[in-house]
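What follows is a single structure, written as structure tokens, with notes after it.
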């Protein structure tokens with residue numbers, strides 16, 4: 056047994072575990088019930104702790120959900136960093152699908168609820184804005200790396216940002232209805248568009264495979 060192990064405090068371990076359960080419960084409640092339905096009592100019940108225990112860790116509702124903002128941000132960053140880095144044929148569609156999956160998943164759903172709450176809860180607002188700006192920069196950087204995009208090429212940076220903006224829009228639409236079939240068509244079409252933008256062209260303007268630019272193959276009309 057090392058000195059570090061011997062000095063571990065089981066009480067502190069239990070306290071950290073309780074705090075984590077409360078934060079995870081707060082995130083889940085936000086995703087399922089929204090801000091109005093996510094009281095400290097509801098979160099405590101979901102976490103399996105007493106309201107008094109919850110208030111010991113987070114004296115006010117604002118304290119709880121400000122900490123939940125940070126927890127969601129950390130988890131979303133971890134999900135981003137864990138995305139696989141595909142290579143070769145199919146790289147762009149794989150990256151687009153992975154990013155859209157994050158934007159339509161439960162963590163982003165909870166983040167959207169925090170955005171709504173932050174719009175009229177001053178204490179949350181400043182924290183949410185700062186963390187979202189940080190995550191936005193990180194998401195863009197990781198998207199560029201995964202796509203192998205060269206942002207020195209005109210239009211590429213805007214195309215990558217357009218992908219992320221589309222992801223947020225699809226995540227927002229997913230709050231109202233699970234329209235995954237339409238989403239699949241949108242994602243497939245955007246992947247083709249993005250591949251055309253990211254694929255290097257020969258000096259004469261032709262694509263490497265000999266095809267001419269995308270105007271020879273018009274995109275289907277949006278549904």
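Numbering (our numbering), first residue to last: 56 to 278. Ideal Cβ positions, reconstructed from N, Cα and C, are used throughout, including at glycine. A quick note: this is a predicted structure, and the numbers were derived from the prediction, not measured.
With a cutoff of 8 angstroms on beta-carbon distance, residue 151 and residue 211 are scored as not near each other. Residue 138 and residue 218 do not touch by the CB rule: their CB atoms are close to 14 angstroms apart, not below 8 angstroms. Sorting 174, 180, 225, 222 by C-alpha distance to the C-alpha of residue 122 places 180 at the top. The C-alpha of residue 174 lies about 20 angstroms from the C-alpha of residue 225. Under the three-state reduction of DSSP, residue 220 is assigned to helix. Apart from sequence neighbours up to five positions away, the residues of its chain that approach residue 168 with a beta-carbon distance below 7 angstroms are 85, 86, 89, 90, ordered along the chain. Secondary structure of residue 205 (DSSP, three-state): coil. Membership of residue 154 in the alpha helix (DSSP H) is indicated by the continuous run 146 to 158. Exclusion of the five residues before and after residue 80 leaves 98, 101, 102 as the residues of its chain whose Cβ lies within less than 7 angstroms of its Cβ.
By the beta-carbon neighbour count (other beta carbons within 10 angstroms, threshold 16), residue 159 is buried.
By the C-beta density criterion, residue 172 is buried, having at least 16 other C-beta atoms within 10 angstroms. By the C-beta density criterion, residue 136 is exposed, having fewer than 16 other C-beta atoms within 10 angstroms. Residue 127 is a Cβ neighbour of residue 165, given a cutoff of 8 angstroms. When the beta-carbon positions are compared, residue 131 and residue 154 stay at least 8 angstroms from each other. Following the DSSP letters along the chain, one finds residue 120 inside the alpha helix (DSSP H) bounded by residues 116 to 136.
Following the DSSP letters along the chain, one finds residue 73 inside the alpha helix (DSSP H) bounded by residues 65 to 88.
Counting C-beta pairs closer than 8 angstroms gives three or more between the region 63 to 77 and the region 100 to 120, which meets the contact rule. Cβ contact annotation for residue 96 (same chain, cutoff 6 angstroms, sequence separation greater than five): 106, in chain order.
Distance from the Cα of residue 215 is smallest, within the candidate group 250, 234, 239, for 250. Within the same chain, 228 come within 7 angstroms of residue 234 by CB-CB distance, once the 5 residues on both sides are set aside. When 94, 144, 187 are compared, the shortest CA-CA separation from residue 203 is found for 144. Residue 148 is a Cβ neighbour of residue 246, given a cutoff of 8 angstroms.
With fewer than 16 other Cβ atoms from the protein chains shown falling within 10 Å of its own Cβ, residue 133 counts as exposed.
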